[in-house]
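So for the sequence shown, this note's numbering puts the first residue at 17; every next one is plus one. The beta-carbon is built from N, C-alpha and C at its ideal position, and this holds for glycine as well. Note that the structure is a prediction, hence the values are computed from the model and not measured. Shown next, in structure tokens, is the structure this report addresses.
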Amino acid sequence: MFFSKMTVIIIKANYYFFGCTMNFFLISDRAKVSVSDKTSSILHILVCMTIIYILLMIFGLLGNILTILVVWLRPHMRSCTYLYLSSMAVSDILILLLLPLDLYKLWRPRPWPLGDLACKLTMFLSECCTFCTILHITFLSLERYLVVCWPFTAKTLVTQRRTRTIIGCLWLGAAVSAAPVLVMVGVEEVGGEDPGVDTRECRCTHYASSSGLLSAMMILSNMYFLVPLCILGLVYSLIGRTLWLRSHNNRRDQSQRHTIRMLGVIVLAFVLCWLPFHVGRTILTLSDGQETNYFNLVSSVLYYLSAALNPLLYNVVSTRYRHAVRSIVGSFQEKKQEKGKTKKQLRCVFPL
17 MFFSKMTVII IKANYYFFGC TMNFFLISDR AKVSVSDKTS SILHILVCMT IIYILLMIFG
77 LLGNILTILV VWLRPHMRSC TYLYLSSMAV SDILILLLLP LDLYKLWRPR PWPLGDLACK
137 LTMFLSECCT FCTILHITFL SLERYLVVCW PFTAKTLVTQ RRTRTIIGCL WLGAAVSAAP
197 VLVMVGVEEV GGEDPGVDTR ECRCTHYASS SGLLSAMMIL SNMYFLVPLC ILGLVYSLIG
257 RTLWLRSHNN RRDQSQRHTI RMLGVIVLAF VLCWLPFHVG RTILTLSDGQ ETNYFNLVSS
317 VLYYLSAALN PLLYNVVSTR YRHAVRSIVG SFQEKKQEKG KTKKQLRCVF PL
């Protein structure tokens, strides 16, 4: 059994603030507590987390891939709003593709199985996608603000070409903001009590902690969440006020209300899923207390849930998206049926 040679198990959530990666189970050979007292509960947690992570990854990848297909295979879905949503889907897919590595580290946090370059790139990609998603939601909301509150200005500024340019700039800005992570993290030996045991970890380096780079990056990360949160609150307040003062019978306003309702649900889900994540990793960056272990475990699930949830929200809130999904799925089924009929016809013409 995995824990058979151990004499104690210490549970500790270790969030490196620059990403969602965590070492949740640290195992020590020298302890006074029996393994049997801890093994059962830890295995239950591991199994539950594994099931949840696998489900989130499967449904999240399928949903986000379907979102990209809907936007790019249906010309009428290539509005500026859905261009942002398809780009967000790419970011969510990248986040979900990193999930298996976190799942592996839940079961075996040490030693780090890959090299130093892989450590830096995975942490960088995680933080880059985090920043990118926040920027997409913010600029998408600002675009809706222009369309609703300044419609004549929006006709000039809000175009597909400009939207694609902005999306490219958002990815570039997120990559530049996350670039310090490439210096902050690396594979280091963690001091252990057992000689001969490989204790290499992908973690924040001592240089990052001692130089103040970790603290600076923590401030940047929190600003990336708090500033957009304030902007979103202001923008949706102004949008709501504008729509409230207008006639409810206007067809264009009804369409805008429908879009704003969908975006409002997305923003609400974003805040609910990401607020615990930012709070948890900030607490564990400032203190090494263990009272927040389970809070951090839940917030890590919410982090990945946010990447898997958006396609479901689109499907529930947006009738237009729902119809597009049905047409895509229906076209795939028709092609499959036609392919099956062709094979049958060939068998009839050329029997074996």
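Check                                                                                                             : Outcome
Whole-angstrom C-beta distance between Ala285 and Asp108, which should lie under 8 Å                              : Not a contact, Cβ separation roughly 12 Å.
Neighbourhood of Cys148 by C-beta, 7 Å cutoff - its chain only, sequence neighbours within 5 removed              : Ser107, Leu186, Trp187 and Ala190
Collapsed DSSP secondary structure at Arg177 in the structure displayed                                           : helix
Rounded C-alpha distance that separates Met93 from Val345                                                         : 15 Å
Arg216 in three-state terms, based on DSSP                                                                        : strand
Through-space distance from Trp166 to Leu117, alpha-carbon basis                                                  : 45 Å
Spatial neighbours of Leu325 in its chain, beta-carbon cut-off 6 Å, leaving aside the 5 residues before and after : Ala285
Leu71 Cβ short of 7 Å to the ligand NAD heavy atom set                                                            : In terms of ligand content, the structure shown is empty, and the ligand NAD therefore cannot be addressed.
Supposed close pair Cys220, Leu230 - CB separation, criterion 8 Å                                                 : 6 Å
Where the alpha helix (DSSP H) containing Val106 begins and where it ends                                         : Cys96 to Leu113
Segment limits, beta strand (DSSP E) that includes Gly202                                                         : Val201 to Glu205
Local conformation of Ala195 per DSSP, three classes                                                              : coil
Distance, Val63 Cα to Ser56 Cα                                                                                    : 11 Å
With 16 other Cβ atoms within 10 Å as the buried cut-off, status of Phe369                                        : Because residue 369 is not part of the residues shown, which for the chain are 17 to 368, the question remains open.
Cβ contact check for the stretch 116 to 132 and the stretch 74 to 82: 3 or more pairs under 8 Å                   : no
CB-CB length for Ile255 against Tyr161, believed under 8 Å                                                        : 6 Å
Cα-Cα separation between Pro292 and Leu85, rounded to whole angstroms                                             : 31 Å
CB of Ser334 within 8 Å of CB of Arg90, strictly                                                                  : no
Close Cβ partners of Thr169 (< 8 Å) along its chain, the five nearest in sequence each way excluded               : Leu162
Neighbourhood of Tyr98 by C-beta, 6 Å cutoff - its chain only, sequence neighbours within 5 removed               : Val87
Within 8 Å, strictly: CB atoms of Tyr240 and Ile183                                                               : no
Residue from His339, His222 and Val192 whose Cα sits closest to the Cα of Gly202                                  : His222
Length of the line joining the Cα atoms of Leu242 and Gln349                                                      : 45 Å
Spatially closest choice to Val199 from Asn331, Thr179 and Leu133, by CA coordinates                              : Leu133
Beta carbon of Trp114 nearer than 8 Å to that of Ser142                                                           : Contrary to the premise, residue 114 reads as Leu rather than Trp in this sequence. Yes; because the gap between Cβ atoms is below 8 Å, this pair is in contact.
His60, buried or exposed, once every other Cβ within 10 Å from all chains shown has been counted against 16       : exposed
Pair within 8 Å by beta-carbon distance, Met233 and Pro196                                                        : yes
Local conformation of Pro127 per DSSP, three classes                                                              : coil
Burial state of Val314, where buried means 16 or more other Cβ atoms lie within 10 Å                              : exposed
For Ser157, the first and last residue of its enclosing alpha helix (DSSP H)                                      : Asp132 to Cys165
Own chain partners of Val251 with C-beta closer than 7 Å, once the 5 adjacent residues on each side are dropped   : Ser157, Leu158 and Tyr161
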